[in-house]
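Asker: Chains as they are written, first to last, in our numbering: chain A, 68 to 193; chain B, 9 to 229. All residues carry an ideal CB built from backbone N, CA and C; glycine is no exception.
Here it is as structure tokens:
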């Protein structure tokens with residue numbers, strides 16, 4: 068079943084890298100992009116994505132706070148926080164926010180493990 | 009209006025460089041975190057190419073007048089200088105955070121230069137190493153040196169750089185709350201290195217999938 072995936076990163080290139088990895092695994096999935104938290108929250112409300120991949124280190128609202136906000140709007144969404152900052156505190160905060168932690172540089176293998184771990188099709192999913 | 013630097017990076021190239029700096033500083037923070045046993049908070053990096061005058065002016069905006077820098081020169085396909093900079097007044101706090109906190113002030117002062125150099129060495133090598141690895145290149149990195157002064161002192165050191173009035177200025181703020189330490193990393197490249205850097209970034213962008221469409225390039229085989 069095709070899924071809707073939201074990718075949020077202030078860096079266009081970083082979004083491209085995630086899209087490339089995702090495309091190599093699931094070429095038919097719908098990809099939504101946002102360059103900041105406000106645009107991301109709008110897309111979550113309008114498009115109801117199934118999965119969100121959020122950069123941690125962004126200007127304004129960071130990816131961990133965004134993860135919490137996204138899950139408040141859509142409790143069923145599966146969230147991963149991506150960061151080059153691998154400190155244990157950041158990883159723990161991602162987990163506490165109900166998100167999977169993915170290390171930068173992002174690899175297709177890591178993205179595959181995350182999306183494969185997302186429970187299968189949901190009845191009545193859009 | 010200030011003079012424009014002779015080498016400009018495109019938006020995507022700046023993105024790529026920022027990502028590399030993020031990776032490098034992320035690894036560096038992991039090292040510093042081990043040394044201070046506390047989370048190191050990092051800001052979003054700011055990457056720009058500016059004239060040397062602008063770079064000095066940027067450093068001059070720091071509220072602290074006297075700064076201390078640990079710097080290391082690097083050489084290879086690109087050459088330049090990386091600096092870890094923080095207010096001189098916090099230098100002993102940093103030393104206290106990385107060595108045993110129950111040392112006497114006398115011992116701390118004695119250890120200051122050495123501890124600063126070693127902290128800089130861990131952070132700067134980690135950052136430069138990550139960037140060099142991402143480019144698949146090797147950089148020779150000099151031993152760390154500790155310098156006290158201000159922006160013009162740091163950007164005017166001999167024998168390097170003979171900067172052609174243009175520097176890559178990377179600014180990332182890091183802080184350790186408990187120890188009340190704040191500082192930043194800066195990097196300077198000379199003009200030929202900036203040209204090479206542009207080429208390396210283009211290769212890196214292709215590698216990351218930064219084509220203009222979402223369709224990935226066919227496997228190179």
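1. Whose CA, out of A:111, A:103, A:177 and A:79, lies closest to the CA of residue 72 of chain A?
2. Look at residue 23 of chain B and residue 80 of chain A and say whether their C-beta atoms are less than 7 Å apart.
3. Considering only residues of the segment 97-159 of chain A, which uninterrupted beta strand (DSSP E) runs meet the minimum length of 3 residues and lie entirely inside it, listed in chain order?
4. Would the beta-carbon of residue 95 of chain B fall within 7 Å of that of residue 129 of chain B?
5. DSSP three-state label for residue 229 of chain B, please.
6. From what residue to what residue does the alpha helix (DSSP H) around residue 200 of chain B run?
7. For residue 127 of chain B, count the other beta carbons within 10 Å of its own beta carbon; 16 or more makes it buried, fewer makes it exposed. Which is it?
8. Consult DSSP for residue 50 of chain B and reduce its assignment to one of helix, strand or coil.
9. In the DSSP assignment, the beta strand (DSSP E) including residue 84 of chain B goes from what residue to what residue?
10. Leaving out the 5 sequence neighbours to the left and right, which residues in its chain are closer than 8 Å to residue 74 of chain B when beta-carbon positions are compared?
11. Name the chain A residues whose beta carbon is nearer than 7 Å to that of residue 27 of chain B?
12. Can you name the residues that DSSP bridges to residue 163 of chain B?
13. So what's residue 181 of chain A in DSSP terms, helix, strand or just coil?
14. Whose C-alpha, out of B:49, B:41 and B:25, is nearest the C-alpha of residue 183 of chain B?
15. Counting only the same chain and skipping the five closest in sequence on each side, list residues whose C-beta sits under 7 Å from that of residue 55 of chain B.
16. Rank B:180, B:47 and B:186 by C-alpha distance to the C-alpha of residue 194 of chain A and give the top, closest one.
17. In chain order, what residues of the same chain have a beta carbon less than 7 Å from the beta carbon of residue 44 of chain B, not counting five sequence neighbours either side?
18. Output, in chain order, the set of chain B residues within a Cβ distance shorter than 7 Å of residue 156 of chain A.
19. Locate the beta strand (DSSP E) running through residue 153 of chain B, then write down its first and last residues.
20. List in chain order: all unbroken beta strand (DSSP E) runs of 3+ residues lying wholly within the segment 83-114 of chain B.
21. Within 7 Å (strictly less), CB to CB, does residue 41 of chain B reach chain A?
22. If you measure between the beta carbons of residue 119 of chain A and residue 137 of chain A, is that distance less than 7 Å?
23. Listed from N- to C-terminal order along the chain, which residues in the segment 194-214 of chain B have their beta-carbon within a distance smaller than 8 Å of any beta-carbon of chain A?
24. Counting only beta-carbon separations shorter than 7 Å, does residue 124 of chain A have a partner in chain B?
25. For residue 162 of chain A, count neighbouring C-beta atoms within 10 Å of its own C-beta (all shown protein chains included) and say buried if the count is 16 or more, exposed if not.
26. Flag residue 176 of chain A as yes if its beta-carbon sits less than 7 Å from any beta-carbon of chain B, otherwise no.
27. Inspect the beta-carbon positions of residue 87 of chain B and residue 201 of chain B and report whether they are closer than 7 Å.
28. In angstroms with no decimal places, state the Cα-to-Cα distance between residue 86 of chain A and residue 51 of chain B.
29. Going by DSSP in three states, residue 189 of chain B sits in which element: helix, strand or coil?
30. Would you list the residues sitting across from residue 181 of chain B in a DSSP beta bridge?
31. If you reduce the DSSP assignment to three classes, tell me which class residue 171 of chain A lands in.
32. Who does residue 148 of chain B pair with in a DSSP beta bridge?
33. Report back the beta-carbon spacing between residue 182 of chain A and residue 92 of chain A to the nearest angstrom; my notes put them in contact at under 8 Å.
34. For residue 63 of chain B, which residues of its own chain have a beta-carbon under 8 Å away from its beta-carbon, when the five flanking residues on both sides are left out?
35. For the candidate residues B:204, B:154, B:16 and B:144, whose alpha-carbon lies nearest to that of residue 215 of chain B?
Answerer: Put simply:
1. In the first chain, counting from the first residue as 1, residue 72 of chain A sits at position 5. Checked all of A:111, A:103, A:177 and A:79; the closest Cα to residue 72 of chain A is A:111.
2. In the second chain, the residue the question calls residue 23 of chain B occupies position 15. In the first chain, the residue the question calls residue 80 of chain A occupies position 13. The answer is yes: Cβ separation under 7 Å.
3. 97-101, 118-122 and 145-150
4. Taking the first residue of the second chain as position 1, residue 95 of chain B is located at position 87. Taking the first residue of the second chain as position 1, residue 129 of chain B is located at position 121. No; because the gap between Cβ atoms is not below 7 Å, this pair is not in contact.
5. Residue 229 of chain B sits at position 221 when you count from the first residue of the second chain. Summary for residue 229 of chain B: the model assigns pLDDT 36, below 50, so the residue's position carries little reliability; its value from the coordinates is reported in the next sentence. In this structure, residue 229 of chain B counts as coil in the three-state DSSP scheme.
6. Within the second chain, numbered from 1, the residue matching residue 200 of chain B stands at position 192. Membership of residue 200 of chain B in the alpha helix (DSSP H) is indicated by the continuous run 199-216.
7. The residue labelled residue 127 of chain B in the question sits at position 119 within the second chain. By the 10 Å Cβ count, residue 127 of chain B comes out buried.
8. Position 42 of the second chain, counting from 1, holds the residue named residue 50 of chain B. Residue state, collapsed to three classes: strand.
9. Counting from one through the second chain, the residue named residue 84 of chain B turns up at place 76. Here the beta strand (DSSP E) through residue 84 of chain B covers 75-84.
10. As a position in the second chain, residue 74 of chain B is number 66, starting the count at 1. The residues are 95, 96, 97, 156, 157 and 158.
11. Here residue 27 of chain B refers to the residue found at position 19 of the second chain. Result: 78, 80 and 81.
12. Looking up residue 163 of chain B in the second chain gives position 155. Under DSSP, residue 163 of chain B takes part in no beta bridge, so it has no partner.
13. Position 114 of the first chain holds residue 181 of chain A. Residue state, collapsed to three classes: helix.
14. Taking the second chain and counting its residues from 1, one reaches residue 183 of chain B at position 175. Checking every option, the nearest Cα to that of residue 183 of chain B belongs to B:49.
15. Within the second chain, numbered from 1, the residue matching residue 55 of chain B stands at position 47. Taken in chain order, the residues that qualify are 22, 25, 26, 29 and 178.
16. Not covered by the structure: residue 194 of chain A. The range shown for chain A is 68 to 193.
17. In the second chain, residue 44 of chain B corresponds to position 36, counting from 1. Here the set comprises 105, 106, 184 and 187.
18. Translated into positions along the first chain, residue 156 of chain A becomes position 89. Result: 47.
19. One-based indexing of the second chain puts residue 153 of chain B at position 145. Unbroken beta strand (DSSP E) run through residue 153 of chain B: 153-157.
20. 88-95
21. Position 33 of the second chain, counted from the start, is the residue given in the question as residue 41 of chain B. At least one chain A Cβ lies under 7 Å of residue 41 of chain B.
22. Here residue 119 of chain A is taken as the residue at index 52 of the first chain, counted from 1. Here residue 137 of chain A is taken as the residue at index 70 of the first chain, counted from 1. Yes, they are a contact pair.
23. 213
24. Position 57 of the first chain, counted from the first residue, corresponds to residue 124 of chain A. At a cut-off of 7 Å between beta-carbon atoms, residue 124 of chain A makes contact with chain B.
25. Start at 1 with the first residue of the first chain, and residue 162 of chain A comes out as number 95. Classification for residue 162 of chain A: exposed.
26. Position 109 of the first chain, counted from the first residue, corresponds to residue 176 of chain A. Look at residue 176 of chain A: its C-beta is not under 7 Å from any C-beta on chain B.
27. Residue numbering aside, residue 87 of chain B sits at position 79 when the second chain is read from its first letter. Residue numbering aside, residue 201 of chain B sits at position 193 when the second chain is read from its first letter. Yes, they are a contact pair.
28. Here the question's residue 86 of chain A lines up with position 19 in the first chain. Here the question's residue 51 of chain B lines up with position 43 in the second chain. Taking the straight line joining both Cα atoms gives about 25 Å.
29. As a working note, residue 189 of chain B is residue 181 in the second chain. Strand, per DSSP.
30. Walking along the second chain from the start, residue 181 of chain B turns up at place 173. DSSP, once it has assigned bridges, lists B:192 as partnering residue 181 of chain B.
31. By one-based count along the first chain, residue 171 of chain A stands at place 104. Looking at residue 171 of chain A - three-state DSSP - the assignment turns out to be coil, as it is neither helix nor strand.
32. Within the second chain, residue 148 of chain B is the residue found at index 140, counting from 1. BP columns for residue 148 of chain B point to B:83.
33. Locating residue 182 of chain A in the first chain gives position 115, counting from the first residue. Locating residue 92 of chain A in the first chain gives position 25, counting from the first residue. With 8 Å as the limit, residue 182 of chain A and residue 92 of chain A qualify as a contact, their Cβ atoms being about 7 Å apart.
34. Here residue 63 of chain B is taken as the residue at index 55 of the second chain, counted from 1. Answer for residue 63 of chain B: 159, 163, 175, 177, 194 and 196, listed in chain order.
35. Residue numbering aside, residue 215 of chain B sits at position 207 when the second chain is read from its first letter. For residue 215 of chain B, the nearest C-alpha among the options comes from B:144.
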